[in-house]
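A.B. asks: Mapping of the sequence shown onto my numbering: residues 42 to 348, in sequence order. Just so it is clear, CB atoms sit at the ideal spot from N, CA and C, and this is done for glycine as well.
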Amino acid sequence: MNVSPIVAAGLRGLICLSLLPAVIATASAQSKYDRVLQNKRIIAGAQEGTPPFGYVDEKGEVAGWAVDLSKALHALIEQKMGVKLALEFRKVTPETRIPLIVNGSLDWVLGSTGKTVEREEVVDFSLINNAVCVKTLHRKSMPVNTANDLGGKRLGVTNGSVEQKLLAEMGRTGKITPPPQIVTFPTHAVGFLALEQGRTDAHVTLDVALKALQIKAQNPDEWAVDGPELMCTPNGIILPQNDSKWKRTVDHALCYFIATGGYDKLWAEWFGETNPKAGFSLPIAETTKIVLRNQCAFGIEDWLVKK
42 MNVSPIVAAG LRGLICLSLL PAVIATASAQ SKYDRVLQNK RIIAGAQEGT PPFGYVDEKG
102 EVAGWAVDLS KALHALIEQK MGVKLALEFR KVTPETRIPL IVNGSLDWVL GSTGKTVERE
162 EVVDFSLINN AVCVKTLHRK SMPVNTANDL GGKRLGVTNG SVEQKLLAEM GRTGKITPPP
222 QIVTFPTHAV GFLALEQGRT DAHVTLDVAL KALQIKAQNP DEWAVDGPEL MCTPNGIILP
282 QNDSKWKRTV DHALCYFIAT GGYDKLWAEW FGETNPKAGF SLPIAETTKI VLRNQCAFGI
342 EDWLVKK
């Protein structure tokens with residue numbers, strides 16, 4: 042699905058476009074694969090404000106489904122390279138995740154990042170690792186049945202997110218009438234606090250992240266995650282641009298994990314029927330299952346043993 046051109050409000054947190062050629066040329070002088078092998082370390086970006094994909098736990102450490110997926114891919118790449126690799130996590134926000142890939146600080150960012158045309162102008166993405174839809178979290182006393190039910194409402198989003206650009210475009214083109222008032226926050230938790238305090242009318246982001254916010258509310262039954270799917274998008278792991286060797290390695294590790302059952306097992310741990318870590322159950326959509334498996338090459342199950 043096409044996403045609108047980047048509006049002025051969404052530019053915060055992105056890099057100055059005039060500096061991109063020099064930065065990218067420097068960052069891509071050597072493949073990440075070779076640098077990882079040389080430094081014996083993978084530096085992964087982890088979102089800190091998007092539970093259950095990525096958040097900071099009570100110990101002050103990053104946790105979440107995406108963090109566990111990063112750990113699984115690290116273990117597979119380590120095994121494939123045949124050397125011990127350290128795994129270092131660095132916290133990222135929607136504003137910092139792309140600049141930190143472009144300037145070479147991170148080897149990948151695995152969270153809940155949608156693949157868009159604008160982003161692919163400066164970074165690459167792995168094969169699809171998930172697919173999500175954008176919805177709204179709001180009080181049940183404010184029904185949301187159509188996009189126009191959001192007209193003129195104060196809608197919370199995180200800074201630099203796809204949702205911020207999407208809502209601005211929907212207001213500009215008349216898909217939401219009158220245009221909504223977009224209120225930005227550094228994290229979803231801060232945005233939900235504003236919603237509880239009545240400073241916004243709804244919070245807009247991925248449906249899974251909204252469910253995680255809802256179950257942590259003082260009275261979850263007061264809230265609803267519903268209404269129209271404002272956008273559905275495939276997610277990918279953010280990677281350095283034009284680095285085919287590193288992208289191929291990450292893609293193969295992801296596909297191996299999918300083909301050998303690790304992906305389904307990890308999803309069940311977080312979103313299954315029995316004591317899910319996320320706190321709620323969410324089956325993988327059948328269409329997502331098909332895409333995940335069909336994107337991978339035949340025989341990927343033998344990837345680890347191939348020279």
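Which residue marks the beginning of the beta strand (DSSP E) containing residue 178, and which one marks its end?
C.D. replies: To locate residue 178, count along the sequence shown from 1; it is residue 137. Residues 165-180.
A.B. asks: Buried or exposed, going by whether 16 or more other CB atoms sit within 10 Å of the CB of residue 182?
C.D. replies: Here residue 182 refers to the residue found at position 141 when the sequence shown is read from its first residue. It counts as exposed.
A.B. asks: Compare the beta carbon distance of residue 85 and residue 165 with 9 Å and say whether it is the shorter of the two.
C.D. replies: Numbered from its first residue, the sequence shown carries residue 85 at position 44. Numbered from its first residue, the sequence shown carries residue 165 at position 124. Taking 9 Å as the Cβ cut-off, residue 85 and residue 165 do not qualify as a contacting pair.
A.B. asks: Drop a sphere of 10 angstroms on the beta-carbon of residue 120, count the other beta-carbons inside from all chains shown, and report buried for 16 or more, exposed for fewer.
C.D. replies: What you label residue 120 is simply residue 79 of the sequence shown in a count that begins at 1. Exposed.
A.B. asks: With 16 as the cutoff for other CB atoms within 10 Å, does residue 316 come out buried or exposed?
C.D. replies: One-based indexing of the sequence shown puts residue 316 at position 275. With fewer than 16 neighbouring CB atoms inside 10 Å of its own CB, residue 316 falls in the exposed class.
A.B. asks: Which residue or residues does DSSP assign as beta-bridge partners of residue 197?
C.D. replies: For the purposes of this step, residue 197 is identified with residue 156 of the sequence shown, where counting begins at 1. Paired residue(s): 224 and 244.
A.B. asks: When you compare only the Cα positions, how much space is there between residue 173 and residue 248?
C.D. replies: Counting from one through the sequence shown, the residue named residue 173 turns up at place 132. Counting from one through the sequence shown, the residue named residue 248 turns up at place 207. Going from the Cα of residue 173 to the Cα of residue 248 covers about 7 Å.
A.B. asks: Which residue wins for smallest C-alpha separation from residue 321, given the options 75, 93 and 89?
C.D. replies: By one-based count along the sequence shown, residue 321 stands at place 280. Ranking 75, 93 and 89 by Cα distance to residue 321 puts 93 first.
A.B. asks: With a CB to CB cut of under 7 Å and the five nearest residues on each side skipped, what residues in its chain are close to residue 429?
C.D. replies: Beyond the ends of the chain as shown, which are 42 and 348, falls residue 429; an answer cannot be given.
A.B. asks: Which of the three DSSP states, helix, strand or coil, is assigned to residue 340?
C.D. replies: Within the sequence shown, the letter at position 299 stands for residue 340. It is coil, neither helix nor strand.
A.B. asks: Just the C-alpha distance for residue 383 and residue 77, rounded to the nearest angstrom, thanks.
C.D. replies: Residue 383 lies beyond the stretch modelled for the chain, which goes from 42 to 348, so this question has no answer here.
A.B. asks: Contact defined as beta carbons within less than 8 Å: I believe residue 139 pairs with residue 163. What is the distance between those atoms, to the nearest angstrom?
C.D. replies: Reading the sequence shown from its first residue, position 98 is the one you call residue 139. Reading the sequence shown from its first residue, position 122 is the one you call residue 163. Contact holds; Cβ gap of about 6 Å.
A.B. asks: DSSP state of residue 132, grouped into three classes?
C.D. replies: Along the sequence shown, read from residue 1 onward, the residue named residue 132 stands at position 91. Reduced to three states, the DSSP call for residue 132 is strand.
A.B. asks: Distance check for residue 318 and residue 255, CA to CA, integer angstroms please.
C.D. replies: The residue given as residue 255 occupies position 214 in the sequence shown. The residue given as residue 318 occupies position 277 in the sequence shown. A straight-line Cα-Cα distance of about 15 Å links residue 255 and residue 318.
A.B. asks: Report the residue ranges of all beta strand (DSSP E) runs contained in full by the segment 234-302; include only those spanning at least 3 residues, in chain order.
C.D. replies: 243-247 and 264-280
A.B. asks: Which residues share a DSSP beta bridge with residue 103?
C.D. replies: Indexing the sequence shown from 1 puts residue 103 at position 62. Its beta-bridge partners are 97.
A.B. asks: What residues in its chain sit with their C-beta under 6 Å from that of residue 67, if we drop five residues either side in the sequence?
C.D. replies: Within the sequence shown, residue 67 is the residue found at index 26, counting from 1. Unreliable positioning characterises residue 67 in this predicted model, as indicated by a pLDDT of 43, which lies under 50. The coordinate reading is nonetheless provided below. Answer for residue 67: no residue qualifies.
A.B. asks: Taking the beta carbon of residue 343 as the centre, do at least 16 other beta carbons fall within 10 Å, making it buried, or is it exposed?
C.D. replies: Counting from 1 along the sequence shown, the entry for residue 343 is found at position 302. The residue in question, residue 343, is exposed, as its Cβ has fewer than 16 Cβ neighbours within 10 Å.
A.B. asks: Going by CA-CA distance only, name the one from 192, 280, 204 and 225 that's closest to residue 271.
C.D. replies: To locate residue 271, count along the sequence shown from 1; it is residue 230. Nearest of 192, 280, 204 and 225 to residue 271, Cα basis: 204.
A.B. asks: Using only alpha-carbon positions, find the residue among 114, 142, 103 and 134 that is nearest to residue 290.
C.D. replies: As a working note, residue 290 is residue 249 in the sequence shown. It is 114 whose Cα lies nearest to the Cα of residue 290.
A.B. asks: On the criterion of 16 or more Cβ atoms from any shown chain inside 10 Å, does residue 345 qualify as buried, or is it exposed?
C.D. replies: In the sequence shown, the residue the question calls residue 345 occupies position 304. Per the 10 Å Cβ criterion, exposed.
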